[in-house]
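Under the working numbering, the residues of the sequence shown are numbered 4 to 196, in order.
Yeah, the Cβ is synthetic: ideal placement off N, Cα and C, and Gly gets one too.
Structure first, commentary second.
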Amino acid sequence: MLNIIIFGAPGSGKGTQSELIKKTFGLDYISTGVTLRETIREGGDLGKITKAYIDRGKLVPDEIIIQLVADFLDGKQDSKGIIFDGFPRTIPQAIALKEIMNERGMDISLLIDLQVNDDELIRRLLERGKISGRSDDHPETIRARLDVYHTQTAPLVTFYICEGKYASIKGCGTVDEIFRQIVDAIESRIAKS
Numbered sequence: 004m005l006n007i008i009i010f011g012a013p014g015s016g017k018g019t020q021s022e023l024i025k026k027t028f029g030l031d032y033i034s035t036g037v038t039l040r041e042t043i044r045e046g047g048d049l050g051k052i053t054k055a056y057i058d059r060g061k062l063v064p065d066e067i068i069i070q071l072v073a074d075f076l077d078g079k080q081d082s083k084g085i086i087f088d089g090f091p092r093t094i095p096q097a098i099a100l101k102e103i104m105n106e107r108g109m110d111i112s113l114l115i116d117l118q119v120n121d122d123e124l125i126r127r128l129l130e131r132g133k134i135s136g137r138s139d140d141h142p143e144t145i146r147a148r149l150d151v152y153h154t155q156t157a158p159l160v161t162f163y164i165c166e167g168k169y170a171s172i173k174g175c176g177t178v179d180e181i182f183r184q185i186v187d188a189i190e191s192r193i194a195k196s
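Next comes the structure, spelled out in structure tokens:
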């Protein structure tokens, strides 16, 4: 089973590259961002709580995210593998993911880190906000999201380097150029398995 975490700051291209990985390798996909936005659209207490965190550019509490991921994994026991987009975002989430996957006879194969500088990320997110109208793609929230990424999420790199499951990918260039780097990293990991 090939289980990949697509990793990088907001606007680094995780969603775009996940689609290509999904099609090329036949993997299932979970985006906690998409799942959380669906929860908000559905309304209810959980939707309101989730919206309050996202609107401030804050991370949604671990217990909510971990339960969503565990429920997803329970339905994917026969999968070729899974792409995780937007999870884990903290060391406690990475530890929880390892535990819930191990309980199901799974493990992470590789973390793919899309590296893009902050100026380019801000440019991309502002452009995306104009097109999508997403409430979290305006300057103040973008800065808050990047700050959260650098302080809380970026330390995951060290965690997965120590696990021997890390691949750094230059996240600037054409979609195809970036994807070729990702395919090389995945194929290298498969060859080592």
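Beta carbon of residue i nearer than 7 Å to that of residue j
i: Asp140; j: Arg131; result: yes
i: Thr42; j: Thr53; result: yes
i: Leu114; j: Ala12; result: no
i: Ser2; j: Asp116; result: Any property of residue 2 remains undetermined from this structure, which presents the chain solely from 4 to 196.
i: Ser34; j: Gly84; result: no
i: Gly176; j: Ser15; result: no
i: Leu30; j: Ile103; result: no
i: Arg183; j: Ser112; result: no
Exposure label - residue i; buried when at least 16 CB within 10 Å
i: Asn6; result: buried
i: Gln70; result: exposed
i: Gly167; result: exposed
i: Arg127; result: buried
Limits of the alpha helix (DSSP H) - the one that residue i falls within
i: Ile189; result: 178-195
i: Gly89; result: Premise fails: Gly89 is in no alpha helix (DSSP H) and is neither H nor E.
i: Ile69; result: 65-77
i: Lys54; result: 47-58
Segment limits, beta strand (DSSP E) that includes residue i
i: Gln20; result: Per DSSP, Gln20 belongs to no beta strand (DSSP E); it is in the alpha helix (DSSP H), 17-28.
i: Ser34; result: 31-34
i: Gly174; result: Taken as a continuous stretch (DSSP letters only), Gly174 belongs to no beta strand (DSSP E), as it is neither H nor E.
i: Gly11; result: 7-11
Interface flag, residue i vs chain C, CB-CB below 7 Å
i: Gly46; result: Considering every chain present, this structure includes no chain C. It has just one protein chain.
Minimum C-alpha distance to residue i - residue among the options
i: Tyr152; options: Leu62, Arg40, Lys25; result: Leu62
i: Gly60; options: Gly47, Gly36, Asn120; result: Gly36
Identify every run of the alpha helix (DSSP H) within the region 89-172, keeping only runs that are complete inside it and at least 4 residues long; order them along the chain. 94-106, 121-135, 142-151, 159-165
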